[in-house]
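The sequence shown begins at 5 in the numbering used here and counts up one residue at a time.
Virtual Cβ for every residue (Gly too), placed ideally from N, Cα, C.
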Amino acid sequence: MKESICLGIESTAHTFGIGIITDRSKVLANVSDSFKTVKGGLIPHELGVHHDEVKDKVLKNALEKAKIKLNDINLVSFSQGPGIAPALIVGLRFAKYISKKINVPVVGVNHCVAHLEIGKLLTKSKDPVLLYASGANTQIIAYESGKYRIFGETLDQGIGNFIDSFARYIGMGFPGGPKIEKLALKGKNYVELPYVVKGMDVSFSGILTNLKVKYDSKKYRIEDLCHSLQETVFAMLVEVAERAMAHTGKKELLLGGGVACNKRLQEMCNIMCKERKAKLFVPENQFLVDNGVNIAWLGILMGKIAKRNHKGIDIKPYERTDDIKVMWK
Ligand code: ATP
Ligand code: FE2
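Okay, here's the thing in structure tokens:
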């Protein structure tokens, strides 16, 4: 049988990405263009404008990289949610446009589930607990009875947005995660911060306020604050992930999301997994952050429900991981 090729479009937040993958899981291209700012944060309307401006160029680059023509594509997928509406709409419209142009079916997929499925594919983990730590999302997810269930999550902002907010406060621009990680390496003294785990959920907004007050007081070295920030919030994530593993009896931990690029978070997860004789799986950075291949692979898995007519195909800015029935397992 001939290989089938899926083109996936990611546009939930700051990244506009196109990934191309075959149904035999061969990655042909992964091209992205991300919105960046020196000052300020993500403004929804500006994300839409950015994605609209770069979409044709990203598509052209992806096809060149994959060494195929648009007509070689057999299926189009796009991330329908969760995400920021003006950004999502660009992906939706582009997916519909391409699918009409080359007369192939289109399917909308869930962004969080896509992080999990690409991680499983690339690391060959079988039945992991996913620690999904990204800009807007922070969730501990695992498969149980037909769905990917959320065992714990943030009660307010995502961990990445929390880190970015503090970085912005100290004048570091966006994205702040890599810069805070660098500064933290030079931190020596742990400064006590609130540790906020409620049941299986975590919360960051109080910690952010506390950090801002400490920063303003000028009593602490910024490197020490960054070090303490990482030690505190990563410990919170590891605690909840470990409890989810204990509860479900699962022996694998998979990382996903841009914050999972952080080496200290990876190290802490590794220590926890070793202690409980579990295995840690970390995909390459390009598949941890938002990207089109995640979306293309879930498109392949969900290809059966793809449609040539576009009736009912729309964005779902508030869609939750556990709204999705996992019918491809
Ligand atoms: P979502 O998946 O919720 O749509 P997102 O669009 O913000 O999130 P990602 O690309 O997964 O997407 O992650 C971006 C986030 O990752 C930013 O908040 C960024 O600061 C953070 N990040 C990237 N690298 C690091 C790092 N080394 N340490 C900590 N955080 C990092
Ligand atoms: Fe993401």
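- Check whether the Cβ atoms of Gly-112 and Lys-278 lie closer than 9 Å to each other. Numbered from its first residue, the sequence shown carries residue 112 at position 108. Numbered from its first residue, the sequence shown carries residue 278 at position 274. It is not a contact, given that the beta carbons lie outside the stated cut-off.
Measure the CB-CB distance between Cys-10 and Ile-304 and report whether it falls below 9 Å.
-> Residue numbering aside, residue 10 sits at position 6 when the sequence shown is read from its first letter. Residue numbering aside, residue 304 sits at position 300 when the sequence shown is read from its first letter. For Cys-10 and Ile-304, yes; Cβs fall inside 9 Å.
Hey, Leu-233 and Phe-170 are a contact pair by Cβ (cut 8 Å); roughly how many whole angstroms apart? Indexing the sequence shown from 1 puts residue 233 at position 229. Indexing the sequence shown from 1 puts residue 170 at position 166. Sure, about 7 Å apart at Cβ, within 8 Å.
Check: What separation, rounded to the nearest whole angstrom, lies between the Cα atoms of Glu-272 and Val-108?
Finding: Working through the sequence shown from its first residue, we reach residue 272 at position 268. Working through the sequence shown from its first residue, we reach residue 108 at position 104. A small fix is needed here, since residue 272 is Met in this sequence, not Glu. Answer to the nearest angstrom: the Cα atoms are 45 Å apart.
Reduced DSSP secondary structure (H/G/I, E/B, other) of Gln-84 | Residue mapping note: residue 84 aligns to position 80 of the sequence shown, counting from 1. Looking at Gln-84 - three-state DSSP - the assignment turns out to be strand.
Quiz prompt | Beta-carbon spacing of His-4, Asn-298 below 9 Å | solution = Limits of the chain in this structure are 5 at one end and 333 at the other, which puts residue 4 out of reach.
task = Entirely within the segment 279 to 306 and at least 4 residues each: give me those alpha helix (DSSP H) ranges in chain order.
result = 289 to 292, 296 to 305
Can you tell which of Ile-211, His-18, Lys-71, Lys-73 has its C-alpha closest to the C-alpha of Asn-295?
For the purposes of this step, residue 295 is taken as residue 291 along the sequence shown, with counting starting at 1. In terms of Cα proximity to Asn-295, the closest of Ile-211, His-18, Lys-71, Lys-73 is His-18.
Would you report the Cα separation of Asn-75 and Val-330, rounded to the nearest angstrom? On the sequence shown, position 71 is the one that residue 75 refers to. On the sequence shown, position 326 is the one that residue 330 refers to. Rounded to the nearest angstrom, the two C-alpha atoms are 30 Å apart.
- Message: Between which two residues does the beta strand (DSSP E) holding Met-143 run?
- Response: Translated into positions along the sequence shown, residue 143 becomes position 139. One detail in the question is off: residue 143 reads as Gln in this sequence, not Met. 142 to 148 is the extent of the beta strand (DSSP E) around Gln-143.
Notebook entry, point to check: What is the C-beta distance between Ile-22 and Gly-52, in whole angstroms, given that I count them as a contact (C-beta under 8 Å)?
Noted result: Mapped onto the sequence shown, residue 22 falls at position 18. Mapped onto the sequence shown, residue 52 falls at position 48. That pair is no contact at about 17 Å.
- [ ] Verify the CB distance criterion: does Ser-36 have a CB-CB separation below 9 Å to chain D?
- [x] Here there is only one protein chain, and chain D is not present.
Is the number of C-beta pairs between the segment 258 to 266 and the segment 90 to 105 that are closer than 8 Å three or more? no
Next on the checklist: If I measure Cβ to Cβ from Leu-284 and keep anything under 7 Å in the same chain, skipping five residues before and after, which residues do I get?
Outcome noted: Taking the first residue of the sequence shown as 1, we reach residue 284 at position 280. Only residues of its own chain outside the window of five on either side were considered, and among them Leu-257, Cys-273, Asn-274, Cys-277 have a CB closer than 7 Å to the CB of Leu-284, listed in chain order.
Exercise. Using a Cβ-Cβ cut-off of 6 Å (strictly less than) and excluding sequence neighbours within five positions of Val-293, which residues of its own chain qualify?
Worked result: If you number the sequence shown from 1, residue 293 lands on position 289. Cβ-Cβ distances below 6 Å link Val-293 to Gly-262 in the same chain, with the five nearest sequence neighbours on each side left out; the list follows chain order.
ask   = Can you find a heavy atom of the ligand FE2 that lies under 8 Å from the Cβ of Cys-116?
value = Start at 1 with the first residue of the sequence shown, and residue 116 comes out as number 112. At least one heavy atom of the ligand FE2 is nearer than 8 Å to the Cβ of Cys-116, so yes.
If I follow the unbroken alpha helix (DSSP H) through Cys-340, where does it start and stop? With the chain represented from 5 up to 333, any question about residue 340 goes unanswered, as that position is not in the structure.
Does the separation of the CB atoms of Pro-198 and Thr-236 fall below 9 Å? As a working note, residue 198 is residue 194 in the sequence shown. As a working note, residue 236 is residue 232 in the sequence shown. Closer than 9 Å, so yes.
**Prompt:** If you pair each beta-carbon of the segment 128 to 140 with each one of the segment 34 to 42, do three or more pairs fall below 8 Å?
**Reply:** no
Between Glu-185, Tyr-219, Asn-114, Tyr-224, which has its C-alpha nearest Tyr-152's C-alpha? The sequence position of residue 152 within the sequence shown is 148, counting from 1. Of Glu-185, Tyr-219, Asn-114, Tyr-224, the residue nearest in Cα terms is Asn-114.
- Whose C-alpha, out of Tyr-173, Asp-56, Gly-181, Asp-27, is nearest the C-alpha of Ile-163? One-based indexing of the sequence shown puts residue 163 at position 159. Out of Tyr-173, Asp-56, Gly-181, Asp-27, Gly-181 has the C-alpha closest to the C-alpha of Ile-163.
_Per the DSSP calculation, Leu-79 is bridged to which residue(s)?_
If you number the sequence shown from 1, residue 79 lands on position 75. Paired residues: Cys-10.
Given a cut-off of 9 Å, decide if Thr-252 and Glu-148 are closer than it, judged by their beta-carbon atoms.
Taking the sequence shown and counting its residues from 1, the one referred to as residue 148 is at position 144. Taking the sequence shown and counting its residues from 1, the one referred to as residue 252 is at position 248. Yes. Within cutoff.
query: Does at least one heavy atom of the ligand ATP sit under 8 Å from the Cβ of Ala-310?
result: Working through the sequence shown from its first residue, we reach residue 310 at position 306. No.
Practice item. Give me whichever residues DSSP pairs with Asp-37 in a beta bridge. Key: Here the question's residue 37 lines up with position 33 in the sequence shown. In the DSSP output, where bridge partners are listed per residue, Asp-37 has Phe-20.
Flag this pair as yes or no: are the beta carbons of Val-80 and Ile-13 separated by less than 9 Å?
-> Looking up residue 80 in the sequence shown gives position 76. Looking up residue 13 in the sequence shown gives position 9. A contact, by the Cβ cut-off of 9 Å.
Assign Val-217 to buried or exposed, taking buried as 16 or more other Cβ atoms, counted over all protein chains shown, within 10 Å of its Cβ. By one-based count along the sequence shown, residue 217 stands at place 213. By the 10 Å Cβ count, Val-217 comes out exposed.
**Prompt:** According to DSSP, is Pro-319 helix, strand or coil?
**Reply:** In the sequence shown, the residue the question calls residue 319 occupies position 315. Before going on, a small fix: residue 319 reads as Ile here, not Pro. The answer is coil: DSSP assigns Ile-319 none of H, G, I, E or B.
Where does Val-53 sit, in a helix, a strand or coil, going by DSSP? Here the question's residue 53 lines up with position 49 in the sequence shown. Of the three classes helix, strand and coil, the one that applies to Val-53 here is helix, per DSSP.
Original post:
Within 10 angstroms of its Cβ, does Lys-64 collect 16 or more other Cβ (buried), or is it exposed?
Top reply: Looking up residue 64 in the sequence shown gives position 60. So Lys-64 counts as exposed.
Practice prompt. List the endpoints of the continuous beta strand (DSSP E) containing Ile-328.
Written response: By 1-based counting over the sequence shown, the position of residue 328 is 324. Run containing Ile-328: none; DSSP gives neither H nor E here.
- [ ] Let me know the secondary structure DSSP gives Ile-154 once reduced to three states.
- [x] The residue given as residue 154 occupies position 150 in the sequence shown. The three-state reading of DSSP puts Ile-154 in strand, counting E and B together.
Express the C-alpha separation of Gly-156 and Glu-246 in angstroms, rounding to a whole number.
-> Residue mapping note: residue 246 aligns to position 242 of the sequence shown, counting from 1. Residue mapping note: residue 156 aligns to position 152 of the sequence shown, counting from 1. Taken atom to atom, the span from the alpha-carbon of Glu-246 to that of Gly-156 is near 11 Å.
Q. Where does Lys-254 land, buried or exposed, given buried means 16+ other C-beta within 10 angstroms?
A. Taking the first residue of the sequence shown as position 1, residue 254 is located at position 250. Flag for Lys-254 reads buried.
Q) Alpha carbon to alpha carbon, how far is Lys-192 from Phe-291? A) Locating residue 192 in the sequence shown gives position 188, counting from the first residue. Locating residue 291 in the sequence shown gives position 287, counting from the first residue. So the alpha carbons of these two residues sit roughly 32 Å apart.
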